[in-house]
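Written out below as structure tokens is the structure these notes cover.
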Amino acid sequence: MPEGDRVVGEALVMELFLPNGDPHPAKFREILTDVQSAREPLTRIGASKYWATIATIHRGRDDSLKRLHLIYDDWWRRWKMRAFHPQLKVDTALQRSNPVVYAAVNLIIRDIQELFVQRDLVTTQINGTAVSAALCGYINHYKVYPSAIKKMYAQLLNRSSNLDYLRPLDLRTDAAWELYTYPVGGFHFRRIEKTTKIQTLAGEVILKDGDCLLYSVSQNNEDDRGLSAGDDIIIWPPLKSLERNAGLLD
21 MPEGDRVVGE ALVMELFLPN GDPHPAKFRE ILTDVQSARE PLTRIGASKY WATIATIHRG
81 RDDSLKRLHL IYDDWWRRWK MRAFHPQLKV DTALQRSNPV VYAAVNLIIR DIQELFVQRD
141 LVTTQINGTA VSAALCGYIN HYKVYPSAIK KMYAQLLNRS SNLDYLRPLD LRTDAAWELY
201 TYPVGGFHFR RIEKTTKIQT LAGEVILKDG DCLLYSVSQN NEDDRGLSAG DDIIIWPPLK
261 SLERNAGLLD
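According to the numbering used here, the sequence shown is numbered sequentially starting from 21.
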């Protein structure tokens, strides 16, 4: 978690208030106008007047610091939760924060919700690389791709690598996840039995009989059979290699 952001946020909040804890109109106008205009340059003209007005109705220093800590504590708890925990669907403390009386806090804090998505994406890519390496080892040894990923377990692949963190388990109730060893499902995989067209951003590529396809459901959580790189995340074979062989890349 970005602990540095929390420290900087606390320091900025402290700058905005008088010794007695009341909002400092001049500091609100000066500091928050700079923060806002750094992100949205065209808003500088009206921002100065806006923050001067907000200073008259904003909560005090102690309440603002408490709100800032609440927001980061909420993110910290979420970060430790298993994938697809029901609590992750609930609005964050930042989203529930009053946009007027905590306007300064909401502006100062950088929304890190996207980090959760990126973490799952990176983890999925790392696991996908491990499974791809196992596929390479399998075909080098047996001269054919496996019919299922589980055939590579123990010898070429650790079961814990076949985890797609963008794919939830198929459960009747959320409590049923405890029946499983892992909180997410595995990658989609199939051995190609006939010529199959795959749509990529560069154009159309071909998979031939005997090839295989390893893919993630991506963030839409829909199994689109790996037929489009825009709908699923195709992990193996490498798209760049397919596009180069198809003459779509120089």
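Think of the CB as a built atom: it goes at the ideal place given N, C-alpha and C, for glycine as much as any other residue.
Where residue i falls: helix, strand or coil (DSSP)
i, result
"F104", "coil"
"Q175", "coil"
"I212", "coil"
"Q115", "helix"
"Q56", "helix"
"E242", "coil"
Backbone CA spacing between residue i and residue j [nearest angstrom]
i, j, result
"I169", "I159", "12 Å"
"W95", "D140", "15 Å"
"W99", "T112", "12 Å"
"G267", "S261", "10 Å"
"I128", "V110", "22 Å"
"Y173", "P203", "19 Å"
"E134", "Q56", "20 Å"
"G24", "I132", "13 Å"
"F48", "L62", "19 Å"
"Q175", "D93", "42 Å"
Burial state of residue i (16 or more Cβ within 10 Å)
i, result
"I226", "exposed"
"G246", "buried"
"C232", "buried"
"A103", "buried"
CB contact below 8 Å: residue i versus chain D
i, result
"G24", "Of the protein chains in this structure there is only one, and it is not chain D."
Sub-8 Å separation of residue i and residue j beta-carbons
i, j, result
"E30", "L88", "yes"
"P122", "R79", "Inspection of the sequence shows that residue 122 is occupied by Tyr rather than by Pro. The answer is yes: Cβ separation under 8 Å."
"W75", "T53", "This sequence places Ala at residue 75; Trp is not what is there. Taking 8 Å as the Cβ cut-off, A75 and T53 do not qualify as a contacting pair."
"I65", "G148", "no"
"V164", "G230", "yes"
"I218", "A249", "yes"
"I51", "L36", "yes"
Integer-rounded CB distance, given that residue j should sit under 8 Å from residue i
i, j, result
"V27", "V125", "Not quite, the Cβ-Cβ distance comes to about 15 Å (not below 8 Å), so this is no contact."
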